[in-house]
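A.B. asks:
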Amino acid sequence: MKTTAKVFATLFALAAGGSLAFPAESSPAAAAPAPAAPATFEITVNDAAMKFSIAKIAAHPGQTLTIKLKNNGAQPKDVMGHNWVLLKADTDTDAYTATASASKSEGFEPKALAAQVIAAIPLLGPGQSGEVTFTCPATPGTYNYLCTFPAHAMLGMKGVLIVK
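Okay, so the sequence shown: first residue is 1 according to the working numbering, each after it adds one.
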């Protein structure tokens, strides 16, 4: 009964030249895009190929990634170790590689250049595995990763993380 009375009151007000004010509709706030689901990439290396099995990784800003590195090689770590180092976008990769190659006592990851590194897996010997989990940079762009053992990046053991 109350609903009928409201309808008649509304019609009467309109017929008399009145206007109606309706409550503002609540519009849903612009929803932020849902963060991309975490992802895992399993990368292998061996002594003969001198390449990462995955040389290109695509991800989204803020996405959580886990990189698992497996050294399938047979050579001793001090002769043919492999690591995985992800550098910030503005890093001079050649300069970093040159310094890292001369940093054997630091596992070829120079502490003086640590601010240029986003994530890293330390040097692995034959049959060893390592992993790192990190959050992708918020800034879209291309980020280089490489093995910093002497000459490995130069021979092709490198790749890119593309954040878009």
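C-beta atoms are modelled at their ideal positions from N, C-alpha and C, and glycine is treated no differently.
Going by C-alpha to C-alpha distance, which of Ile67, Leu87, Pro126 and Gln63 sits closest to Ala138?
C.D. replies: Gln63
A.B. asks: Does the stretch 123-141 come into contact with the stretch 74-88, if we say contact requires no fewer than three beta-carbon pairs (one atom in each stretch) closer than 8 Å?
C.D. replies: yes
A.B. asks: Tell me the residue span of the alpha helix (DSSP H) that contains Ala95.
C.D. replies: Thr93 to Ser101
A.B. asks: For Val85, which residues in the same chain have their Cβ closer than 7 Å to its Cβ, ignoring the five residues on either side in sequence?
C.D. replies: Glu109, Val117, Ala120, Tyr145, Leu146 and Thr148
A.B. asks: Please confirm whether Lys158 and Pro140 have their CB atoms less than 8 Å apart.
C.D. replies: no
A.B. asks: Count the CB pairs spanning the stretch 32-46 and the stretch 63-72 that are closer than 8 Å, and state whether there are at least three.
C.D. replies: Yes, they touch.
A.B. asks: Compare the C-alpha of Ala115 against each of Lys88, Thr133 and Ala102 and name the closest.
C.D. replies: Lys88
A.B. asks: Please report the distance separating the alpha-carbon of Thr68 from that of Thr142.
C.D. replies: First, the residue type needs correcting, since residue 68 is Lys and not Thr in the sequence shown. About 20 Å.
A.B. asks: From what residue to what residue does the beta strand (DSSP E) around Lys68 run?
C.D. replies: For Lys68, the enclosing beta strand (DSSP E) stretches over residues Thr64 to Asn71.
A.B. asks: Just to confirm before moving on: does the CB-CB distance between Asn71 and Leu124 stay below 8 Å?
C.D. replies: yes
A.B. asks: Identify every residue that forms a DSSP beta bridge with Phe41.
C.D. replies: The partner list for Phe41 (beta bridge, DSSP) reads Ile67.
A.B. asks: Flag this pair as yes or no: are the beta carbons of Gly156 and Lys51 separated by less than 8 Å?
C.D. replies: A Cβ-Cβ contact shorter than 8 Å links Gly156 with Lys51.
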